[in-house]
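In terms of UniProt numbering, the sequence shown is residues 1 to 301.
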Amino acid sequence: MEDNLLETRSYVVGENQFRARPIEPALYIVATPIGNLGDITLRALEVLASSDVLACEDTRVTRVLLNRFAIARRPMAYHEHNAAEAGPKILEALASGKSVALVSDAGTPLVSDPGYRLVEETRNAGYKVVPVPGASAVMAALMASGLPTDSFMFCGFLPSKQGQRRNKLETYKTIDTTLIFFESPNRASDTLQDMAVVFGADRPAALCRELTKAYETFSTSTLGELCEQYDGEDRIRGEVVLLVGAPLQNSVPVTEQDIDALLLSLAQELQPSKAAGEASRMTGKPKGELYQRLMTLKAQK
Numbered sequence: 001m002e003d004n005l006l007e008t009r010s011y012v013v014g015e016n017q018f019r020a021r022p023i024e025p026a027l028y029i030v031a032t033p034i035g036n037l038g039d040i041t042l043r044a045l046e047v048l049a050s051s052d053v054l055a056c057e058d059t060r061v062t063r064v065l066l067n068r069f070a071i072a073r074r075p076m077a078y079h080e081h082n083a084a085e086a087g088p089k090i091l092e093a094l095a096s097g098k099s100v101a102l103v104s105d106a107g108t109p110l111v112s113d114p115g116y117r118l119v120e121e122t123r124n125a126g127y128k129v130v131p132v133p134g135a136s137a138v139m140a141a142l143m144a145s146g147l148p149t150d151s152f153m154f155c156g157f158l159p160s161k162q163g164q165r166r167n168k169l170e171t172y173k174t175i176d177t178t179l180i181f182f183e184s185p186n187r188a189s190d191t192l193q194d195m196a197v198v199f200g201a202d203r204p205a206a207l208c209r210e211l212t213k214a215y216e217t218f219s220t221s222t223l224g225e226l227c228e229q230y231d232g233e234d235r236i237r238g239e240v241v242l243l244v245g246a247p248l249q250n251s252v253p254v255t256e257q258d259i260d261a262l263l264l265s266l267a268q269e270l271q272p273s274k275a276a277g278e279a280s281r282m283t284g285k286p287k288g289e290l291y292q293r294l295m296t297l298k299a300q301k
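See below:
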């Protein structure tokens, strides 16, 4: 697990090689780029090059980063499937006075990635834990989404089954803040549909994908419009972050009687199609459904 060659404790930025300074014994939680390798911090490079042990989620992924900056290290695997075996080895290294750097495949470790238990065990054993902050898909998506940033809640991944997913969304429905979710590309379309049903189609939202990469995309609109945009797409290319704005303060009640009254009121000043569209925006109900309902109401008069 240990690399004793002093000459390997270095890193290269551009054409310049830097000797990594020694670091104190501790568990270092190191954020790595989520796509663009240029987003690595100088402090992260020094810790990766100087640490006695480098633990990572996938050694193949981490070697790409190490090779980019000429860091000659041999990473060991630490992930949810081998934590019971690898965790004690890391604690043994800390007990012997060594420094350990922990990275995930991308972004900030422990954020929907393995490592929480290791940090807990490290602290309980009396060893120091040092965060080395950097890239985060959560913050990158929030920064460019156009949704309020003064208050937000990271909700992680939703359940893969629709029933469980909708039940989970119900628990977030009335929380007055920007909600941030990670989602699998092949479930993003279905999740948008469920969000529109539970939260209402008029809630502001954003779908962010391929963050910091060549095809970085931010789609910002309402949940209803995002559903239409991505309807039927079995797999949206690239990693996905979904953001949903806080509940609209001017949303109207959605009882049957309220909707009928709203439609008839809007129809006095707007054409039926526009009246249905405005009612859809205010209630979160599908425009087509409201249009047919308005036509029925008019026929009954």
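Ideal Cβ placement from N, Cα and C applies to all residues, glycine included.
Across the set A84, S151 and A106, the C-alpha of A84 shows the shortest separation from the C-alpha of E121. Under the DSSP definition of a beta bridge, S151 lacks any partner. Excluding its 5 nearest sequence neighbours in each direction, G277 has C-beta neighbours in its own chain below 6 Å: K287, listed in chain order. Sequence-distant Cβ neighbours of D150 in its own chain, meaning closer than 6 Å and more than five residues away, do not exist here. Leaving aside the five residues that flank A26 on each side, the residues in its chain whose CB is nearer than 8 Å to its CB run, in chain order, L94, S99, V100, Y127, K128, V129 and V130. The Cβ-Cβ distance between M153 and T171 does not fall below 8 Å.
Ranked by how close their Cα comes to the Cα of M139, the residues E46, P114, L211 and S189 have L211 in first place.
In this structure, the alpha-carbon of T108 lies about 24 Å from that of G245.
Cα atoms of G232 and A196: separation of roughly 15 Å, rounded to the nearest angstrom. In the three-state reduction of the DSSP assignment, S10 falls in the strand class, which pools E and B. Here G224 has A196 and A201 as same chain residues with Cβ atoms under 6 Å from its own Cβ, once five neighbours each way along the sequence are excluded. In the displayed model, I29 falls within a strand according to three-state DSSP. Under a 10 Å Cβ-count criterion, S50 is classified as buried, with 16 or more other Cβ atoms of the shown protein chains found around its own Cβ.
Counted as a single uninterrupted DSSP element, the beta strand (DSSP E) harbouring E183 occupies residues T178 to E183. Between V119 and F69 a beta carbon distance of about 25 Å is seen, past the 8 Å cut, so the two are scored as non-contacting. The DSSP assignment places 204-209, 217-222 and 240-244 as complete runs of the beta strand (DSSP E) inside the segment 192-260, in order along the chain (cut-off: 3 residues).
Around the C-beta of V64, fewer than 16 other C-beta atoms lie within 10 Å, and the residue is accordingly described as exposed.
In the DSSP annotation of this structure, Q271 is not part of any alpha helix (DSSP H), being labelled neither H nor E.
Rounded to whole angstroms, A261 and Q193 show a C-alpha spacing of 27 Å. Excluding its 5 nearest sequence neighbours in each direction, L290 has C-beta neighbours in its own chain below 7 Å: L263, A276, A279 and S280, listed in chain order. In chain order, I236 and V240 place their CB closer than 6 Å to the CB of A188, counting only its own chain and leaving out the 5 sequence neighbours on each side. N36 is not bridged by DSSP to any residue. CA-to-CA, the gap between N36 and L297 works out to about 56 Å.
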